[in-house]
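One structure is given here, and the rest of the page talks about it.
Protein chains in written order, with our numbering: chain Z, 355 to 655; chain R, 198 to 243.
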């Protein structure tokens, strides 16, 4: 009996179920969802607010589990993902499927019961969008995969807002647009320096299909409407000057790093410092921007 | 005479036990959460 078949016959460790939910990705989802909830007009009981954020986190975990259930073959050939529970053989696929579906249904029902069914419906839509539209439909078919798939990650502030108000208005839709437009530069920066991995797995990421030059141009192109979406809440009078200054300064910095990426000619990941810098900054950018929005909201109140 | 040690069976038992413990903690947390949600709902609508 080989180690591989032996590990399959063992029940998975609970830690592997936790790993299946991609806890690190969840932090950004939880944070943006929380910010959407905090800036929404009206009042939500703290316990219900906590439950809403818990549901967003569980929903994101469910989507991540179902993504890995579907992509086990793909994860196995990429260095970055080969050690995940399924490709590493620490869990069987059926367990991941049951866990993902169960967690997803649980999060949606709990959201509906604790807050309102509009928020629950948006949460359900975000899970289904990530799993069906991004993972199953687009990811392996088109280099536009993450452009449209990025919408899945843009839902949390909308859900947080909807948990309080029961509807969606201009500000949460702008926050949706901001994350939606932020996703391509964020992911393409990453895919530039892990390109060989995507090529090996046959995923049509933009650098694989169109080359590094075109990808760098697209990063720069997407940064402009992203910056516009970032300052729009201030420009439209939906956020104060504090947010406006933060959004303007952070977006200029983002643009500066995107220009550096555009100017870079390197083809070897070792020489892709600008890309790595932009990727790291892009995460900080979103955290800082949403943080500024909440602080601005509190100052105004 | 004690039965022969079986490392695979012992490992299965260990994993089942740790999963059961985590599940128990999660269920307990859920019960507490539902209790507080009920209190909150009564405070809001009551």
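Backbone N, C-alpha and C fix where the C-beta goes; we use that ideal spot for every residue, glycine too.
Simplified DSSP assignment, three categories, for residue i
i: residue 215(R); result: helix
i: residue 470(Z); result: coil
i: residue 641(Z); result: helix
i: residue 465(Z); result: helix
i: residue 421(Z); result: helix
i: residue 626(Z); result: coil
i: residue 493(Z); result: coil
i: residue 357(Z); result: Only weak support is given to the placement of residue 357(Z): the predicted model assigns it a pLDDT of 45, under 50, and the value that follows is read from those uncertain coordinates. Residue 357(Z): helix per DSSP, three-state reduction.
i: residue 446(Z); result: coil
i: residue 486(Z); result: helix
i: residue 367(Z); result: coil
i: residue 240(R); result: helix
i: residue 229(R); result: helix
i: residue 631(Z); result: helix
i: residue 188(R); result: Only positions 198 to 243 of chain R appear in this structure, which leaves residue 188(R) out of reach.
i: residue 210(R); result: helix
i: residue 655(Z); result: coil
i: residue 620(Z); result: coil
Residue of the options minimising C-alpha distance to residue i
i: residue 376(Z); options: 420(Z), 596(Z), 393(Z); result: 420(Z)
i: residue 645(Z); options: 385(Z), 501(Z), 563(Z), 505(Z); result: 385(Z)
i: residue 399(Z); options: 469(Z), 637(Z), 438(Z); result: 469(Z)
i: residue 588(Z); options: 580(Z), 481(Z), 374(Z), 599(Z); result: 599(Z)
i: residue 608(Z); options: 508(Z), 368(Z), 577(Z); result: 577(Z)
i: residue 478(Z); options: 565(Z), 516(Z), 435(Z); result: 516(Z)
i: residue 656(Z); options: 480(Z), 462(Z), 632(Z), 439(Z); result: With chain Z covering 355 to 655 only, the question about residue 656(Z) has no answer from this structure.
i: residue 525(Z); options: 640(Z), 534(Z), 547(Z), 511(Z); result: 511(Z)
i: residue 354(Z); options: 442(Z), 483(Z), 518(Z), 444(Z); result: Residue 354(Z) lies beyond the residue range present for chain Z, which begins at 355 and ends at 655; the question has no answer from this structure.
i: residue 648(Z); options: 554(Z), 596(Z), 621(Z); result: 596(Z)
Run of the alpha helix (DSSP H) containing residue i, from where it starts to where it stops
i: residue 441(Z); result: First-last for residue 441(Z): undefined, no H or E at that position.
i: residue 505(Z); result: 499-519
i: residue 523(Z); result: Looking at the DSSP string, residue 523(Z) is not in any alpha helix (DSSP H), and its letter there is neither H nor E.
i: residue 612(Z); result: 595-617
i: residue 427(Z); result: 426-430
Any non-hydrogen atom of the ligand MN within 6 Å of residue i CB
i: residue 237(R); result: As presented, the structure is devoid of all ligands, the ligand MN included, so that no description of it is given.
| Uninterrupted alpha helix (DSSP H) stretches inside the stretch 528-593 of chain Z (no shorter than 4 residues) | Taking only runs of at least 4 residues, the alpha helix (DSSP H) segments lying wholly in the stretch 528-593 of chain Z are 549-555, 560-564, 566-589.
| Uninterrupted alpha helix (DSSP H) stretches inside the stretch 373-412 of chain Z (no shorter than 4 residues) | As far as the stretch 373-412 of chain Z is concerned, its whole alpha helix (DSSP H) runs of at least 4 residues are 377-393.
| task | Compile a chain-ordered list of the residues in the stretch 206-221 of chain R whose CB is closer than 7 Å to at least one CB of chain Z. | result | So the close ones are 208, 209, 212, 213, 215, 216, 219.
| Using a Cβ cut-off of 7 Å, which residues of the stretch 229-240 of chain R contact any Cβ in chain Z, in chain order? | Cβ contacts with chain Z come from 230, 233, 234, 237, 240.
| Contact residues within the stretch 391-408 of chain Z, judged by C-beta distance below 7 Å to chain R | For the stretch 391-408 of chain Z, the residues whose beta carbon sits under 7 Å from a beta carbon of chain R are, in order, 399, 401, 402, 405.
| Between the stretch 449-475 of chain Z and chain R, which residues of the former have CB atoms less than 7 Å from a CB of the latter, in chain order? | Cβ contacts with chain R: 468.
| task | Would you list, in chain order, the members of the stretch 512-543 of chain Z that have their beta-carbon closer than 9 Å to a beta-carbon of chain R? | result | When C-beta distances to chain R are compared with 9 Å, every residue of the stretch 512-543 of chain Z stays at or above that value.
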